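A quick write-up on the structure given underneath.
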Amino acid sequence: MAEHTSSSITVDAAPGAVMDVISDFPRYPEWTGEVKEAEVLGQDERGRAEQVRLLLDAGAIKDEHTLAYEWIGEREVRWSLVKSQMLRSLDGVYRLAPLAGGAQTEVTYQLTVDVKIPMLGMIKRKAEKVIIDRALDGLKKRVESGGAQASTTSTTDKDGN
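If you want the numbering used here, it's the position in the sequence shown, counting the first as 1, plus 253.
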């Protein structure tokens with residue numbers, strides 16, 4: 254089994270508010286830093302993204318890739334690579350656990366990346382850790398600044414409901 258990198262953060266919001274921000278892909282460029290474009294290519298019957306095209310610019314790594322998403326209940330989402338120019342594989346998961354009676358959420362982000370160019374395992378793990386830490390910090394700031402409220406509106410508008 255491939256090695257992965259994992260980290261957690263506590264967000265001062267309910268799990269639903271956190272998942273609202275995670276699932277609002279078109280707004281990723283507003284808070285993630287590395288994601289410059291995000292386009293939902295397909296949705297399930299509940300309106301959740303099944304495939305998303307992402308354009309990344311993380312300094313040395315610039316890539317356009319498509320990810321497939323699997324939603325497990327209301328508190329977990331997994332993704333895997335469909336196609337990429339630079340990556341061989343990319344598997345990740347967000348797991349949300351309510352804390353403080355549901356007023357807070359522990360967000361765990363797990364990531365496994367394999368690039369097409371040769372890279373030492375230690376360097377790859379370090380890159381995964383940087384990606385995870387930036388994503389968790391950005392997610393926390395976005396949710397706690399009220400980004401979840403805005404994302405619910407944009408999802409409704411996008412679907413036309």
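Even for Gly, the Cβ is constructed at its ideal location relative to N, Cα and C.
Please read these numbers as outputs of a predicted model, since none were measured by experiment.
{"Asked": "Could you name the residues that DSSP lists as bridge partners for P279?", "Found": "DSSP lists no partner for P279."}
{"Asked": "Among the residues of its own chain, which have a CB less than 6 Å from the CB of K336, if the five just before and after it don't count?", "Found": "T319"}
{"Asked": "For the 8 Å Cβ check, are there 3 or more pairs between the segment 383 to 400 and the segment 289 to 305?", "Found": "no"}
{"Asked": "How is A356 classed by DSSP in three states: helix, strand or coil?", "Found": "coil"}
{"Asked": "Roughly how many angstroms separate the alpha carbons of A380 and L364, rounded to a whole number?", "Found": "10 Å"}
{"Asked": "Mark A277 as exposed unless 16 or more other C-beta atoms lie within 10 angstroms of its C-beta, in which case mark it buried.", "Found": "The sequence shown places Asp at residue 277, not Ala. Buried."}
{"Asked": "Considering only C-alpha positions, which residue in the set M339, L309, R348 and Q338 is nearest to R331?", "Found": "R348"}
{"Asked": "Excluding sequence positions up to five away, which residues of its chain have a Cβ less than 7 Å from the Cβ of V360?", "Found": "S261, I262, V264, V271, Y347, L349, L389 and L392"}
{"Asked": "Give the secondary structure of D265 by DSSP, where H, G and I count as helix, E and B as strand, and everything else as coil.", "Found": "coil"}
{"Asked": "If we ignore side chains and look at the alpha-carbon of each, how far apart do I325 and D316 end up?", "Found": "27 Å"}
{"Asked": "Enumerate in chain order the residues of its own chain whose CB-to-CB distance from L308 is below 6 Å, with the five nearest sequence positions on each side excluded.", "Found": "K289, E290 and E317"}
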